[in-house]
Amino acid sequence: MPSHLTPVRTPLVPAQAGERGTTPEPAAPAVEPIPFAGLRLVHAALRRDLARLPNALRLLQPGDETAGQALQRHWDFVTAMLTCHHEQQDSRLWPLLRRFAPELRLLLNWLEADHHNLDHSFTRVTTLVRIATRDPASSWSVGYAVEELAARLETHLRIEERQLLPRMEGVFPAGSRIGTLPELLDLIRYADGPAASDALVWLLEGVDPQQVDRLLADCDDDVARHWPHWRDTYARCTDQLWGPTV
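According to UniProt numbering, the residues represented by the sequence shown are 1 to 246, in order.
In structure tokens, the structure reads:
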């Protein structure tokens, strides 16, 4: 089995002075990892933004180029994250599952084909969004197109969550990096797409602070150290879209 599928060993606490002869006990992890957190966070973030983008489009005012450009940039970011997510699944996750869970091959083939269909749908709607952000007169009809796309994507996400994720828990052992937030950030860093810092804040927007602490504890120290700056920078960029976060 490849090394990246093997569980991470729990470190042992060395015996302290005066405890000669005692057997070291395995240290309990400070933070319990969330299984497949990376996959779950992408799904939640896509649902969140596709739910609020139609209203943001309909609120565009003629001549408000700043708001239109900000909305276009955010749409491009969301579609880039979706594309990155699909590429990572098709090139990394699905081949592993086909090897270690061959009974899932028909489902995986359908999901991969549906990724291509969804990518084409997003490309078509991207053209409409570009028109609406320049000419708000069309924003209502484009808003409906985004809502239809969100419903289409929801079907795909539910199939992954209900039919695939439960089976993945039986394939990948506890401690595997597959589908985790750290693995997702590493893959984004090596992909030709959004910056990992932007992706992280986008993924964690609206997540309960205690849950955020758990997720960041699973990442490297550099991520945890820069998190406050990344979060505040992202908020300044998105406040003009959704309003200040209360």
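We put the CB at the ideal spot given by N, CA and C, even for glycine.
May I ask which residues mark the beginning and end of the alpha helix (DSSP H) holding Gly-38?
37-58
Which class does residue 303 belong to by DSSP, given the choice of helix, strand or coil?
The structure shown does not extend to residue 303, since the chain spans only 1 to 246, so no value can be given for it.
Between the alpha carbons of Trp-202 and Val-142, how many angstroms are there, rounded?
23 Å
Between Ala-37 and Thr-180, which are expected to be in contact by the criterion C-beta below 8 Å, what is the C-beta distance as a whole number of angstroms?
6 Å
At 3 residues or longer, what runs of the beta strand (DSSP E) sit wholly inside the UniProt domain "Hemerythrin-like" (39-167)?
none
Classify Ala-174 as helix, strand or coil using the three-state DSSP reduction.
coil
Find the nearest neighbour of Val-194 within the set Pro-136, Asp-239 and His-85, judged by alpha-carbon distance.
Note that residue 194 is Pro in the sequence shown here, rather than Val. Nearest of Pro-136, Asp-239 and His-85 to Pro-194, Cα basis: His-85.
Residue range of the alpha helix (DSSP H) that includes Val-201:
196-204
Determine the burial state of Trp-75: buried for a count of at least 16 other Cβ atoms within 10 Å of its Cβ, exposed for fewer.
buried
As assigned by DSSP and simplified to three states, the class of Cys-237
helix
For Val-207, which three-state DSSP category applies?
coil
Compare the C-alpha of Trp-242 against each of Arg-214, Val-223 and Gly-206 and name the closest.
Gly-206
By alpha-carbon positions, which one of Leu-39, His-43 and Pro-95 ends up nearest to Thr-155?
His-43
Roughly how many angstroms lie between the CA atoms of Pro-136 and Ala-56, to the nearest whole one?
11 Å
Counting pairs of Cβ atoms below 8 Å between the stretch 144-153 and the stretch 44-64, do you hit three or more?
yes
How about Ile-178 and Leu-96: are their beta carbons less than 8 Å apart?
yes
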